[in-house]
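The C-terminal position of the sequence shown is numbered 128 in the UniProt record's numbering, with every residue numbered one higher than the one before it.
For reference, the structure discussed in these notes is given below.
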Amino acid sequence: MTSSSSNVSRNEKNRQDNDKTFKNLLDNIEKLNPKNWPLSNDGQIDNIQFGDYNIRNLCQQFQIDEKSTIQSFRIYKMDLGKKEIPEDLKPLYKSIATIPVSTSECERNHVTTKNFFKYKNCCCSFIY
Numbered sequence: 001m002t003s004s005s006s007n008v009s010r011n012e013k014n015r016q017d018n019d020k021t022f023k024n025l026l027d028n029i030e031k032l033n034p035k036n037w038p039l040s041n042d043g044q045i046d047n048i049q050f051g052d053y054n055i056r057n058l059c060q061q062f063q064i065d066e067k068s069t070i071q072s073f074r075i076y077k078m079d080l081g082k083k084e085i086p087e088d089l090k091p092l093y094k095s096i097a098t099i100p101v102s103t104s105e106c107e108r109n110h111v112t113t114k115n116f117f118k119y120k121n122c123c124c125s126f127i128y
């Protein structure tokens, strides 16, 4: 294999890794949206631990305290996302708000992030 084709293969692998990382990030972010939470027949949250793994991943990625964030996320889920975002969950929302959605790679999947911020106008309700 020539060095040119080796570079192409390496670049393609990097691109695929980046795509996978971005898709995982979006999957983790989607768990914050109350519309994605499984509800029981009585309209309550079906599994209080739903999304904990994803929130833990986001906390590690953004270097945010996991324990307090997950506890706040559970409180937020018990309220079905209808009350104000708990204080200990806000750093995660603020970190997510820093993700650029204008590059061509991001534009393919920016709808998820855009919808995330549309929910309850959370992108502006607590950041400023």
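Cβ atoms here follow ideal geometry from the backbone N, Cα and C, with glycine treated the same way.
Same chain, Cβ closer than 8 Å to serine 68, five either side skipped, listed in chain order: Walking along the sequence shown from the start, residue 68 turns up at place 68. The residues are Asp88.
Short of 8 Å in beta carbon distance, which residues of its chain neighbour isoleucine 59, apart from the five on each side in sequence? Order them along the chain. Taking the first residue of the sequence shown as position 1, residue 59 is located at position 59. Reading off the sequence, residue 59 comes out as cysteine, not isoleucine. If we look at cysteine 59 and ignore the five residues flanking it on each side, its Cβ neighbours are Asp65, Glu66, Thr69, Ile70 and Leu92.
Count the other CB atoms, across all protein chains shown, that sit within 10 Å of the CB of serine 9; report buried if there are 16 or more and exposed otherwise. The sequence position of residue 9 within the sequence shown is 9, counting from 1. By the neighbour-count rule (16 or more Cβ atoms within 10 Å), serine 9 is not buried but exposed.
Taking 8 Å as the cut-off, decide whether the C-beta atoms of isoleucine 55 and lysine 31 are in contact. By 1-based counting over the sequence shown, the position of residue 55 is 55. By 1-based counting over the sequence shown, the position of residue 31 is 31. Yes.
Please list, in chain order, all residues of the same chain as tryptophan 37 whose beta carbon is under 7 Å from its beta carbon, the five residues on each side excluded. Position 37 of the sequence shown, counting from 1, holds the residue named residue 37. Only Ile45, Phe50 and Lys77 meet the Cβ criterion.
Can you tell me whether DSSP reads leucine 32 as helix, strand or coil? Here residue 32 refers to the residue found at position 32 when the sequence shown is read from its first residue. Residue state, collapsed to three classes: coil.
Hey, could you find the ends of the alpha helix (DSSP H) glutamate 95 is sitting in? Here the question's residue 95 lines up with position 95 in the sequence shown. A small fix is needed here, since residue 95 is serine in this sequence, not glutamate. Counting along the chain, the alpha helix (DSSP H) containing serine 95 begins and ends at 90-97.
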